[in-house]
Amino acid sequence: MRRLCEGSGVQVYAVDYKLAPEYQWPVQIEEGEFVVRWLFAHAGERGVDPQRIALGGDSAGGNQTCVVAQKLRDTGGPRLALQMPLYPETKMPFETPAGVENVSGGYVDTAGVLLFVWSLVPQGVDYSQPYITPLNAKDFSNLPKTLLVTCGFDMLRDVGHAYAKRLAEAGNDLTYVHYPDLPHGIIQMTMHSKRCLEATEEIARLLGNNLKKA
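Residue numbers for the sequence shown follow numbering that gives the first Met the number 0, beginning at 0 and rising by one.
Set out below in structure tokens:
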């Protein structure tokens, strides 16, 4: 988060949320949406320009980013200047080439996603609904400007790319970045990998540039 803050020149709020399986969907989505609405309501006292509020997250946080952006649009909520889903889980990746290629052995892998879904989604809840699986939304129009990142060695590569395509086809303003040589979780690896650090710093610059144009 410090790298993103320094590299973008924007305020960064690291938002905590309750974890599964003790707390299941939609608790995490509701908490994220609450924070966004709170920041819009208190922007003045925080020194925040309400015209330049962005929401971002990586992996499961990318899923939450996409879902909250859809919910805000669907409910007439405040308009985000930017959403930044980083290698997001927009759909369960089990049948995709990326899901097969990364089924096990990675920092996070397809087998891990199955465990996450089992922990997060309550028994009997339809996991294909858009507020769990945002790639299944019926409408992709009128969503915020988007900075979306995918990685080559990542079980979520193909579902992230598919989401980017749907955003572009619906006429949204999209910046799509793909790192073919990097794995899932790159922003968490900046202490250990020069290449991950370089990618994270590039993402931070793109974040700053996109908000300047908001």
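A virtual CB, placed ideally from N, CA and C, is assigned to each residue, including glycine.
Self-check item: C-alpha gap between Asp41 and Val34, whole angstroms
Solution: According to the sequence provided, residue 41 is His. The question's Asp does not apply to it. Whole-angstrom Cα-Cα distance: 10 angstroms.
Exercise. Quick one: grab the DSSP three-state call for Asp73.
Key: helix
Exercise. Specify the secondary structure class of Arg78 as computed by DSSP and reduced to three states.
Key: In this structure, Arg78 counts as coil in the three-state DSSP scheme.
Quiz item: Among Ser140, Glu88 and Asn135, which residue has its Cα nearest to the Cα of Val116?
Solution: Glu88
Quiz item: With distances taken between CB atoms, is the gap from Pro143 to Leu81 smaller than 9 angstroms?
Solution: yes
Practice problem: Grab the span of the beta strand (DSSP E) containing Phe152 for me, first residue to last. | Solution: Thr145 to Phe152
Self-check item: Straight-line gap, Asp108 to Pro129 (C-alpha atoms, nearest Å)
Solution: 22 angstroms
Self-check item: Where Tyr175 sits in the DSSP three-state scheme
Solution: strand
Quiz item: On the three-pair Cβ rule with 8 angstroms, is the stretch 93-103 touching the stretch 191-205?
Solution: no
Self-check item: Integer-rounded CB distance, given that Tyr175 should sit under 8 angstroms from Ala161
Solution: The C-beta separation of Ala161 from Tyr175 comes to about 11 angstroms, leaving the pair out of contact by the 8 angstroms criterion.
Quiz prompt | Within 9 angstroms, strictly: CB atoms of Gly183 and Gly105 | solution = Note on identity: in this sequence residue 183 is His, with Gly being the wrong assignment. Cβ atoms of His183 and Gly105: closer than 9 angstroms.
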